[in-house]
Amino acid sequence: MLIVLLAAAAFLTLDIEITDAPGASSFPYTTTYNVWFPDGEAVTIGNARMMALSYDDELIFDVNGNRQKLVVGEEKQLGPYHASVRVFGIELLDTDFRMLMKYIGMAEGKANFHMAVQTSGQVPQFVIDRLLPRDIQAEPV
């Protein structure tokens with residue numbers, strides 16, 4: 006019972022903050038994903054609000070009001086950003102990151118991307134799995 010209460014408290018105190026990166030960073034770690042993102046629905050990761058809007062072979066990807074236009078086959082860089090994850094007020098993860106997104110097109114009502122996430126520090130896969138909302142499907146490639 007105590008473990009269940011601790012897990013619930015940890016979930017309730019989970020705080021993810023995403024901001025612009027403060028300065029120049031190197032990104033020695035890269036993980037590549039095949040991603041499906043809901044079309045026309047706002048999705049929130051931490052304090053970052055994201056939305057993908059598609060029309061024919063074009064897509065507008067919005068992160069906190071910063072919009073990028075992509076066409077099928079085009080690759081764009083988003084970021085760099087800074088992410089920190091806290092539980093019970095204790096910082097568990099602190100890293101700078103950027104995303105290289107290649108728009109593949111629409112698949113079953115979702116925007117499909119190949120996405121390389123480059124980070125300044127290693128981020129365990131189980132942490133990434135916990136951070137992504139259910140609306141976003143991401144499979145490591």
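Each residue of the sequence shown is one higher than the last, beginning at 6 in the working numbering.
Ideal Cβ positions, reconstructed from N, Cα and C, are used throughout, including at glycine.
Note that the structure is predicted; figures quoted are calculated from it, not measured.
Per DSSP, residue i is paired with what?
i, result
"residue 112", "115"
"residue 95", "92"
"residue 44", "57"
"residue 102", "86, 124"
"residue 80", "107"
Need the endpoints of the beta strand (DSSP E) that residue i sits in, please.
i, result
"residue 5", "Nothing can be reported for residue 5: it is not among the residues displayed for the chain, which extend from 6 to 146."
"residue 128", "Note, residue 128: premise wrong, no beta strand (DSSP E); not H, not E."
"residue 52", "Neither: residue 52 is in no beta strand (DSSP E) and is coded neither H nor E."
"residue 64", "63-68"
"residue 22", "20-25"
One question on the structure: do residue i and residue j come within less than 8 Å of each other, judged by their Cβ atoms?
i, j, result
"residue 101", "residue 85", "yes"
"residue 57", "residue 112", "no"
"residue 55", "residue 75", "no"
"residue 27", "residue 87", "yes"
"residue 103", "residue 32", "yes"
"residue 114", "residue 44", "yes"
"residue 89", "residue 22", "yes"
In the DSSP assignment, the alpha helix (DSSP H) including residue i goes from what residue to what residue?
i, result
"residue 146", "Where residue 146 is concerned, there is no enclosing alpha helix (DSSP H), given that its DSSP letter is neither H nor E."
Closest Cβ-Cβ distance between residue i and chain D: below 8 Å?
i, result
"residue 142", "The structure shown has no chain D; it contains just one protein chain."
Could you tell me if the beta carbon of residue i falls within a distance shorter than 7 Å of some heavy atom in the ligand PLP?
i, result
"residue 103", "The ligand PLP is absent from the structure shown, which contains no ligands of any kind."
Three-pair Cβ contact test at 8 Å for the stretch 27-37 versus the stretch 50-69: By the Cβ rule, the stretch 27-37 does not count as touching the stretch 50-69, because fewer than three pairs are nearer than 8 Å.
Inter-stretch contact (C-beta, 8 Å, three-pair minimum) for the stretch 133-144 and the stretch 61-73: no
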